[in-house]
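Colleague:
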Amino acid sequence: MKAGSRLPPIGNRIIKSAAGVLLCWCIYLLRGRTGIPFYSMLAALWCIQPYINKTMSMALQRTIGTFIGAAFGLITIVLEIYAFNIYDRPLGFLVVALMIIPVIYTTVLIKRPNASYFSCVVFLSITVIHMTDENPFMFVLNRVLDTFIGIAVGMLVNSARLPRRRITDTLFTAELDDMLSPISEQLTPFSKVEINRMLSEGLKFTIATMRTPASLMDTLSDVDLELPVVVMNGAALYDFRNNSYVKAYIISGDTCEKIRCIVNAAGMNVFTNALCDDSLVIYYDRLENEAEKTIFTLLKKSPYRNYINRKPALDDRVIYMMIVGISDRISSLYEQLVRNEIGQLLKIITYPSQDYPGYSYIKIYNKNAGKQHMTEILCREYGIKKCSAVTASGSRSMNSIARNLKRSFEPLIFKRLK
Numbered sequence: 001m002k003a004g005s006r007l008p009p010i011g012n013r014i015i016k017s018a019a020g021v022l023l024c025w026c027i028y029l030l031r032g033r034t035g036i037p038f039y040s041m042l043a044a045l046w047c048i049q050p051y052i053n054k055t056m057s058m059a060l061q062r063t064i065g066t067f068i069g070a071a072f073g074l075i076t077i078v079l080e081i082y083a084f085n086i087y088d089r090p091l092g093f094l095v096v097a098l099m100i101i102p103v104i105y106t107t108v109l110i111k112r113p114n115a116s117y118f119s120c121v122v123f124l125s126i127t128v129i130h131m132t133d134e135n136p137f138m139f140v141l142n143r144v145l146d147t148f149i150g151i152a153v154g155m156l157v158n159s160a161r162l163p164r165r166r167i168t169d170t171l172f173t174a175e176l177d178d179m180l181s182p183i184s185e186q187l188t189p190f191s192k193v194e195i196n197r198m199l200s201e202g203l204k205f206t207i208a209t210m211r212t213p214a215s216l217m218d219t220l221s222d223v224d225l226e227l228p229v230v231v232m233n234g235a236a237l238y239d240f241r242n243n244s245y246v247k248a249y250i251i252s253g254d255t256c257e258k259i260r261c262i263v264n265a266a267g268m269n270v271f272t273n274a275l276c277d278d279s280l281v282i283y284y285d286r287l288e289n290e291a292e293k294t295i296f297t298l299l300k301k302s303p304y305r306n307y308i309n310r311k312p313a314l315d316d317r318v319i320y321m322m323i324v325g326i327s328d329r330i331s332s333l334y335e336q337l338v339r340n341e342i343g344q345l346l347k348i349i350t351y352p353s354q355d356y357p358g359y360s361y362i363k364i365y366n367k368n369a370g371k372q373h374m375t376e377i378l379c380r381e382y383g384i385k386k387c388s389a390v391t392a393s394g395s396r397s398m399n400s401i402a403r404n405l406k407r408s409f410e411p412l413i414f415k416r417l418k
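Letter by letter, the sequence shown follows residues 1 to 418 of my numbering.
#1: Please tell me whether V35 and I126 are closer than 9 Å, where the distance is taken between their beta carbons.
#2: Measuring CA to CA, which of R380, N135 and A115 is closest to I449?
#3: Just verifying my parser: in three-state terms, what is the DSSP assignment at G32?
#4: Could you give the DSSP three-state label for F84: helix, strand or coil?
#5: I'd like the list of long-range same chain contacts for K347, defined as Cβ closer than 6 Å, with 5 residues on each side in sequence excluded.
#6: Taking the DSSP output, what are the residues bridged to D426?
#7: Rounded to whole angstroms, what is the Cα-Cα separation between Y28 and V193?
#8: Quick check on the burial criterion: 16 or more other C-beta atoms within 10 angstroms. Buried or exposed for N242?
#9: Kindly indicate which three-state DSSP category T297 falls into: helix, strand or coil?
#10: Hey, would you say the C-beta of S17 is under 8 Å away from at least one heavy atom of the ligand PLP?
#11: Using a 10 Å radius around the Cβ and a threshold of 16 neighbouring Cβ atoms, would you call D355 buried or exposed?
#12: So which of Y334, A97 and V153 has the shortest CA-CA distance to P326?
#13: DSSP beta-bridge partners for K363?
#14: Determine the DSSP secondary structure at L225, reduced to helix, strand or coil.
#15: Does DSSP put T422 in a helix, a strand or coil?
#16: Would the beta-carbon of G454 fall within 9 Å of that of W46?
#17: Smallest Cα separation from M198: which of F172, M210 and F38?
#18: Flag this pair as touching only if the stretch 284-292 and the stretch 223-233 have three or more C-beta atom pairs under 8 Å; answer yes or no.
#19: Could you work out which residue in A389, A152 and A274 is closest to A43 when comparing CA atoms only?
#20: According to DSSP, is A266 helix, strand or coil?
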């Protein structure tokens, strides 16, 4: 474990799993210690999933598997004990092995191959472990009943929650650029499960960032965002579901060429990010410093970035331009750009690099680009009445954003309305 790192929290699924096992014990006692609670507990644990729809899917698989396994288990009991008396003999072993074929094949025929494992478990528990019980037929009945009890317990425990209101008329926006470490290190399983659960229950949520969609692809691949994301400092809206740009503020070709001339005259390179259909193309001239070379080497490996060593065409749809260099030179270039008449037509920002000490960035956008402005456009386009920013607290991590998002989206019913 890294120095200063914290242990992950005990999540709801772990607590619910323990509660499910305890409930199975209680039901076993209430039934007068009949049945085998072990099978109920297994079914309950299998059905306790991060998402409710996953719970239903697992419950259905378990139910189908139990019926198929129990049915073929009964057939095997009849064949081995009552018809041919071959139990615990080589021929009986062969029968059990061969019966696995129809058990699995049945799940294929009914188009439920995922239930094959459960079918085999139930079948083998009957034919291998409990064939010599005083009443094997009663075991089959109890085996089915125990499984259904476990499924019911799992579904009950998984759906149990404190009563909460849900705020579905507000767009909640998370700002990622003030995270203490890269987003990829902070989007934990806890955050993904909580955000996805709330999205399935009506949460309207998006992210606002300076980053490009390419830098978020891997991180957000497991988050089922329904709304477009505000990217590139509000210069564009990107829809991860359809892998397309919904809206973008473009810098004209003539303006881009003038900027390139100013930057090149200062002996520096500019990365020009342009759209080709829904793909991001990055033009560059020459790599002048170590920061540029490192950025190029790291990012060109991404399948979502396409670097081209030439200047952009006048009709390219340029979203933003980026210059990285030694801080003193960047400061001088920034002053030159903002004093130039072209600077009045653009949004130009500069800031020091956290990854490359001694270096700074200049980023140039259409003057209409802005996170807040693009968020308001998103609200209008999707008919959302209100916008609310969700900020990180404490550790300033995605975990804290997920917790604050939960408090904002689904406050407890008995809490006083503000």
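Note that beta-carbon positions come from the ideal geometry of N, C-alpha and C, so glycine has one too.
Modeller: Short version:
#1: For this step, residue 35 is matched to residue 35 along the sequence shown. For this step, residue 126 is matched to residue 126 along the sequence shown. First, the amino acid is wrong: residue 35 is Gly here, not Val. No.
#2: Here the chain has residues from 1 to 418 only, and residue 449 is not among them.
#3: Within the sequence shown, residue 32 is the residue found at index 32, counting from 1. In the structure shown, G32 sits in coil (DSSP, three-state: anything other than H, G, I, E or B).
#4: Here residue 84 corresponds to residue number 84 of the sequence shown, with the count starting at 1. Residue state, collapsed to three classes: coil.
#5: Residue mapping note: residue 347 aligns to position 347 of the sequence shown, counting from 1. Cβ neighbours of K347 beyond the five flanking positions: Y365, K367 and A369.
#6: Nothing can be reported for residue 426: it is not among the residues displayed for the chain, which extend from 1 to 418.
#7: Along the sequence shown, one-based indexing puts residue 28 at 28. Along the sequence shown, one-based indexing puts residue 193 at 193. Answer to the nearest angstrom: the Cα atoms are 32 Å apart.
#8: As a first step, residue 242 must be located in the sequence shown, where it is residue number 242. Exposed, by the Cβ-count rule.
#9: Counting from one through the sequence shown, the residue named residue 297 turns up at place 297. Helix at T297.
#10: Questions concerning the ligand PLP fall outside what the structure shown contains, since it holds no ligand whatsoever.
#11: If you number the sequence shown from 1, residue 355 lands on position 355. By the neighbour-count rule (16 or more Cβ atoms within 10 Å), D355 is not buried but exposed.
#12: Taking the first residue of the sequence shown as 1, we reach residue 326 at position 326. Note that residue 326 corresponds to Ile in the displayed sequence, not to Pro. Measuring from the Cα of I326, the nearest candidate turns out to be Y334.
#13: Your numbering for residue 363 matches position 363 in the sequence shown. M322 and I349.
#14: Taking the sequence shown and counting its residues from 1, one reaches residue 225 at position 225. It is coil, neither helix nor strand.
#15: In the structure displayed, the chain extends from 1 to 418; residue 422 sits before or after that span and is not available.
#16: For residue 454 there is no data in the structure shown, the boundaries of the chain being 1 and 418.
#17: Against the sequence shown, residue 198 aligns to sequence position 198. Considering only alpha carbons, the answer is F172.
#18: no
#19: Reading the sequence shown from its first residue, position 43 is the one you call residue 43. Minimum Cα distance to A43 is reached at A152.
#20: Translated into positions along the sequence shown, residue 266 becomes position 266. The answer is coil: DSSP assigns A266 none of H, G, I, E or B.
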